[in-house]
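Beneath this line is the structure, given in structure tokens, with notes to follow.
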Amino acid sequence: MITFDKATVTYPGGVHALKDLTLEIPDGEMLVIVGLSGAGKSTLIRAINGLVPLTGGDVVVNGVSVRDASSKQLRELRSHIGMIFQTFNLVKRTSVINNVLMGRLHETSTWRSLLGWYKPDDVEIAMRALERVDIVEKAYVRAANLSGGQQQRVGIARALAQEPDFLLADEPVASLDPPTSHVVMRDLQRINRELGITTIVNLHFLDLAKVYGERIIGLRDGELVYDGDGAQADEHVFRDIYGRSLTADDVMGQAEPEPAKISA
Amino acid sequence: MTTAAQVSGRPAKPPRSRALIAGIVAFVVITAISVSERFGIGLDIVELIGDLWRVQPILEQLVSPNWEFLPKVVDPMLETLQIAIIAAFIGCGIALPISFLASRTTVPNRPTLTITRGILSVVRAIPDFLYALIFVAAVGIGPLPGILALIFFNIGVVAKLLSETIDGVDPGPIEAADAGGSTRTQMVRWSVLPQVLPNYVAFSLYAFELNVRASTVLGFVGAGGIGFLLKVQYGFSLWSNVSVIIISLFVVVFFIEIVSIRLRRRLV
Amino acid sequence: MAMGTTTGRPEKPSNLKRNLWILGAAALFLWAAISVNVDITDLAALPSGLWAILTAMFPPEWSYLENAVPAMIESLQMAWVGTIIGAVLSLPLGFLGARNVSSPLVSNIMRQILNAIRAFPELILAIAIFIPIAGFGPVAGALAIGIHSAGTLGKLTAEAIEGIDEGPMEAARATGARGLQVQRWGVVPQVLPELVGFWLYRFEINIRAGAVLGVVGAGGIGFLLQQTITFTQWPKAGTTILVVIVATIIVDTISGTVRRRIIEGSEARTVAEVDLVAKAQIDGAGSA
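Here it is, written out as structure tokens:
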């Protein structure tokens with residue numbers, strides 16, 4: 004479980020990115036966060052794994068305080084939290100499997116990791132992660148040669164390889180076209196349901212949020228302004244969160260092109 | 005210009021940047037001083053043109069190389085290559101970890117960074133020729149001081165180039181490694197190194213080329229290689245022999261460049 | 007991709023090529039290390055030898071600054087003038103050597119000429135050509151530096167020109183401008199920042215390259231360095247070396263700052279620009 008306890012983040016320039024945020028995220032939930040750019044979505048997500056330090060309050064993940072964690076404890080904590088990025092953050096020059104294996108680094112000794120001699124068990128975990136997102140045939144392909152959607156799936160596989168309890172996704176589909184966005188969101192949804200991993204996603208497009216968000220929270224200016232069911236969120240709700248009327252840019256606009264895949 | 009601008013609402017021409025003007029002025033002043041007789045080197049182009057003929061007898065010998073001298077060139081040239089290879093491997097090898105210590109990306113700790121960069125600046129400020137002089141004084145003449153000198157020279161060149169490359173890597177994979185709980189070493193190994201490895205090899209090849217070119221200088225002060233042979237022939241004014249040395253050096257460098265360019269192309 | 011197993015996972019590709027290269031490199035190193043005429047036991051003398059030198063150099067003989075500083079200034083001026091000569095010569099050479107501005111044939115010939123010029127180290131140019139012409143002294147050094155730099159800078163200039171956006175050139179031609187005008191307005195504005203960067207970097211290198219010229223009498227601090235070290239006048243040598251280091255670092259810092267300003271000042275560039283500049287430095291800015 005993740006608990007935000009009056010969490011505050013103020014950047015050195017004076018920007019109040021998060022103001023006294025209090026929130027509880029139970030295990031296994033699929034949570035979507037919406038809000039305008041600069042509302043604090045990215046900061047909230049990064050406060051969970053400590054990539055952004057808190058200036059006030061605390062975030063407690065599975066009983067461990069992020070604020071008080073030593074660097075060693077923080078690394079241990081992060082190994083249980085997988086993260087997916089808008090720009091995928093893959094090492095373009097190296098192969099897909101090498102990228103995914105980075106998820107096993109925390110469990111690998113320094114010497115082995117320097118030489119790249121991962122244990123066979125770790126390689127197996129990585130391969131299975133690739134199979135779960137249906138891209139294992141590209142295991143030895145250079146990451147740069149993949150499409151955007153494929154790269155994001157590799158990103159998901161890398162996070163899965165950590166065998167995490169939590170999955171953080173910071174605008175995972177913002178760089179992808181509509182059909183691919185649905186594929187990726189469905190993958191995340193499937194992983195959440197089949198593996199029970201708590202999934203927290205920042206989304207830009209409100210129609211996507213409504214479809215995939217079991218629970219939606221809305222941020223405005225660093226404050227929590229909405230917390231409710233995904234199914235009940237409608238235009239009024241979003242307009243409230245945004246503080247302005249909605250525009251065409253706020254929705255992706257394309258319905259799911261085909262029914263969701265069932266296989267693992 | 006002013007009346008028209010005021011009337012038609014056109015913007016006035018912006019003044020040239022002050023930095024640019026200052027730069028140009030400084031440039032002119034420095035150049036003027038540097039070429040002057042009193043305070044500088046005393047460059048007199050007219051006089052020079054008048055003296056061009058002096059090089060003629062030498063040129064005549066230079067363009068008729070004494071090919072019988074060629075066998076004598078082989079061994080020193082091999083020594084040049086040996087020195088260049090050994091120094092390149094060792095120097096570039098040492099430069100790799102040093103460049104990680106000298107980059108903002110991989111060492112956020114400011115004091116360490118400043119110290120490493122400071123040491124690197126000093127290492128780079130010493131020309132290869134000076135290193136050669138010092139090492140000859142320390143261990144005697146022969147190829148050894150040459151190797152040592154070039155090792156330091158290579159470290160300076162490659163560490164600087166590589167650390168600047170590391171400064172510019174894509175920070176995304178670094179964030180991903182941090183988010184997954186990797187240690188700093190693991191992050192450097194997997195998020196940074198793959199991005200800069202082709203550059204590293206290219207810089208090392210470059211360092212090797214520089215080493216070969218540096219052999220004339222090194223040999224002159226007794227640090228091995230073809231330079232010593234050059235010095236002797238020059239000392240006796242045997243320009244036809246000097247010519248053979250120059251041509252051999254040119255051929256060797258030419259081949260190395262071709263191989264180097266091919267190799268670098270494959271890397272990208 | 008080969009489906010090696012029933013699970014559908016691909017086969018791991020072979021590392022053979024990469025391993026062969028590594029083996030080849032190792033073999034090369036081993037050959038060099040074994041065949042070089044070095045008695046490895048000489049290495050044992052290194053730490054004590056260096057230590058003896060270092061302790062003998064401190065404290066430096068500060069009065070020797072009277073000799074060292076003017077000599078260093080001479081080296082700097084030599085490098086300055088040499089770089090200017092090289093830069094000035096490299097402009098026409100570079101334009102002629104660029105396929106897109108001159109003709110394919112001419113540019114090819116010019117590139118070979120530039121390669122030939124680059125192949126002559128400053129030392130050889132000095133002793134064979136410029137000392138005979140100009141006599142001993144920094145003028146010979148400046149000329150040697152200048153001609154060698156012209157070769158390197160010419161190559162870099164040609165490559166920079168070949169890398170430009172053809173659009174402005176085309177536009178200039180469309181207005182009916184003559185050749186030189188096209189180059190002045192279509193080409194120069196694009197490449198100038200890059201070129202100035204090359205010139206500054208070359209200046210930094212030329213200071214180092216010029217150091218050795220003093221040994222053969224072509225001016226600069228080389229003579230003092232050789233004298234003091236060879237005759238083991240360590241306190242004086244220490245002073246001289248300090249002067250060299252300080253002067254070089256100062257110039258490096260100023261040059262680096264100016265170069266960075268220029269890069270930032272020109273059109274928006276990506277972070278990978280560092281790579282390009284470095285690559286340009288690789289492809290031509292050889293020293294010695």
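Residue numbers (my numbering), protein chains in the order written: chain W, 4 to 267; chain L, 5 to 272; chain H, 7 to 294.
Note that CB positions come from ideal geometry on N, CA and C, so glycine has one too.
From a predicted model like this one, the values you see are computed outputs, not experimental measurements.
Residue contact check for W:Glu140 against chain H: a CB pair falls below 8 angstroms.
In summary, the residues of the stretch 93-121 of chain W whose CB is separated from some CB of chain L by less than 7 angstroms are Leu93, Val94, Arg96, Thr97, Met105, Gly106, Leu108, His109, Thr113, Ser116 and Leu117, in the order they occur in the chain. Under the three-state reduction of DSSP, W:His83 is assigned to coil, being neither helix nor strand. Counting only Cβ-Cβ distances below 7 angstroms, L:Asp132 has no contacts in chain W at all, with the closest Cβ about 32 angstroms away. DSSP places W:Thr183 in no beta strand (DSSP E) but in the uninterrupted alpha helix (DSSP H) bounded by Pro181 to Leu198. For the stretch 14-46 of chain H, the residues whose beta carbon sits under 7 angstroms from a beta carbon of chain W are, in order, Gly14, Arg15, Pro16, Lys18 and Pro19. Here the stretch 197-204 of chain H makes no contact with the stretch 201-217 of chain L; the two share fewer than three CB pairs at distances below 8 angstroms.
Contact between W:Val103 and W:Ala160 holds, with the beta-carbon distance rounding to 5 angstroms and staying under 8 angstroms.
Per DSSP, the continuous beta strand (DSSP E) segment holding W:His19 begins and ends at His19 to Ile28. What W:Thr90 touches in chain L, judged by beta-carbon distance under 7 angstroms, is Gly176, going in chain order. Where W:Asp8 is concerned, there is no enclosing alpha helix (DSSP H), although the beta strand (DSSP E) around it starts and stops at Ile5 to Thr13.
Neighbours of L:Asp182 across chain W, judged by C-beta separation under 7 angstroms: Leu54. In this structure, the straight-line span from the alpha carbon of W:Leu163 to that of W:Ala20 is close to 29 angstroms. For W:Gly221, the uninterrupted beta strand (DSSP E) segment begins and ends at Arg218 to Arg223. The C-alpha of H:Val42 lies about 10 angstroms from the C-alpha of H:Leu36. At least 8 angstroms separates the CB of L:Phe73 from every CB of chain H. Just measuring C-alpha positions, the residue of L:Gly172, L:Gln86 and L:Gly160 sitting nearest L:Leu197 is L:Gly172.
Selection H:Gly169, H:Leu34, H:Val145 and H:Trp240 evaluated against L:Ile53 yields H:Val145 as nearest (Cα-Cα).
Going by DSSP, L:Asp132 is part of the alpha helix (DSSP H) stretching over Asp132 to Val143. Positions of the alpha helix (DSSP H) runs, each at least 4 residues long and wholly inside the stretch 46-75 of chain H, are given as 51-63 in order along the chain.
Taking the beta carbon of W:Arg81 as reference, the chain L residues within 9 angstroms of it are Asp182, Ala183, Gly184, Gly185 and Ser186, listed in sequence order.
Taken in chain order, the members of the stretch 44-61 of chain L whose beta-carbon sits within less than 7 angstroms of a beta-carbon on chain H are Gly44, Ile45, Gly46, Leu47, Leu52, Asp55, Leu56, Arg58 and Val59.
Put simply, the CB of W:Met33 is far from chain L, with every gap to its CB atoms at 8 angstroms or more. Interface flag for H:Arg184 against chain L is unset, since no Cβ pair is found closer than 8 angstroms. Taking 8 angstroms as the upper bound for CB-CB distance, W:Val176 and W:Asp210 are not in contact here, some 12 angstroms apart. Comparing alpha carbon positions, the residue from L:Thr189, L:Ala227 and L:Gly231 closest to H:Val44 is L:Ala227. Looking from the CA of W:Glu27, the closest CA among W:Glu238, W:Ile219 and W:Gln235 belongs to W:Ile219.
Taking the Cα positions, L:Ile251 is about 10 angstroms away from L:Leu66. By the neighbour-count definition (other C-beta atoms within 10 Å, threshold 16), L:Tyr204 is a buried residue. Runs of the alpha helix (DSSP H) lying entirely within the stretch 25-94 of chain L, each at least 4 residues long, are 49-55 and 60-66 in chain order. As summarised for the stretch 161-200 of chain H, there are no continuous beta strand (DSSP E) elements at least 3 residues long confined to that stretch. Per DSSP, reduced to three states, the secondary structure at L:Ala129 is helical.
Cβ atoms of L:Ala136 and L:Gly150 come within 8 angstroms of each other, at about 6 angstroms. Counting the other CB atoms within 10 Å of its CB gives W:His239 a total below 16, which places it among the exposed residues.
In the displayed model, W:Ala172 falls within a strand according to three-state DSSP.
In summary, no residue of the stretch 108-137 of chain L has a CB separated from any CB of chain W by less than 8 angstroms.
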